[in-house]
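Trainee: Got a structure for you, written out below as structure tokens; questions coming shortly.
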Amino acid sequence: MRILLLVNGSASSVTARTRVLIQTALAEHHDVELAMTSRRGHASRLARGAAATGTELVAVLGGDGTLNEAANGLAGTECALAPLPGGSTNVFARTIGLADDPLEATN
Numbered sequence: 023m024r025i026l027l028l029v030n031g032s033a034s035s036v037t038a039r040t041r042v043l044i045q046t047a048l049a050e051h052h053d054v055e056l057a058m059t060s061r062r063g064h065a066s067r068l069a070r071g072a073a074a075t076g077t078e079l080v081a082v083l084g085g086d087g088t089l090n091e092a093a094n095g096l097a098g099t100e101c102a103l104a105p106l107p108g109g110s111t112n113v114f115a116r117t118i119g120l121a122d123d124p125l126e127a128t129n
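Just so you know, the sequence shown maps onto residues 23 to 129 in this note's numbering.
Laid out in structure tokens, this is it:
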């Protein structure tokens, strides 16, 4: 499966170590590309671009804002979205019962 790991490096609980661990875990069984957001609206553009090139899943390591942007970018596409909690509150991830640990949430 082709996965875009979309990371908000400015998110409150995203560290370089966490990013590397998640990327490594996903790459064990999948073709993973990494993209880092750099400004408001960037996650939407990156997600839309990934869907247009055949990426099957966008995994978002960031908070609710980054997840919202990615979801808007994927609207109307066949590409799936997977939240990996990395923000300060992670309301969406908690609501759907994901673990607070983003590495654990990859399972």
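In this text, a Cβ means the ideal position worked out from N, Cα and C, and glycines have one as well.
(1) For the stretch 91 to 100 against the stretch 60 to 79, do three or more pairs of beta-carbon atoms, one drawn from each stretch, fall closer than 8 Å, so that the two count as touching?
(2) Using three-state DSSP, classify V36 as helix, strand or coil.
(3) Just the C-alpha distance for L68 and L26, rounded to the nearest angstrom, thanks.
(4) Determine the closest residue to T128 out of H51, T77, A65, with distance taken between C-alpha atoms.
(5) How close, in whole Å, do the beta carbons of R116 and T77 come, if the pair is a contact with beta carbons under 8 Å?
(6) Would V80 and L106 qualify as a contact pair, given that the criterion is a beta-carbon distance under 8 Å?
(7) Considering R70, what are the terminal residues of the alpha helix (DSSP H) in which it resides?
Mentor: According to the structure shown:
(1) yes
(2) Against the sequence shown, residue 36 aligns to sequence position 14. Correct three-state label for V36: coil.
(3) Numbered from 1 along the sequence shown, position 46 holds the residue referred to as residue 68. Numbered from 1 along the sequence shown, position 4 holds the residue referred to as residue 26. Taking the straight line from one Cα to the other gives about 9 Å.
(4) Here the question's residue 128 lines up with position 106 in the sequence shown. Looking at the Cα atoms, H51 is the closest of the given residues.
(5) In the sequence shown, residue 116 corresponds to position 94, counting from 1. In the sequence shown, residue 77 corresponds to position 55, counting from 1. R116 to T77, Cβ: 26 Å. No contact.
(6) Walking along the sequence shown from the start, residue 80 turns up at place 58. Walking along the sequence shown from the start, residue 106 turns up at place 84. No, the pair does not count as a contact, with Cβ atoms beyond the cut-off.
(7) Taking the sequence shown and counting its residues from 1, one reaches residue 70 at position 48. Residues 64 to 74.
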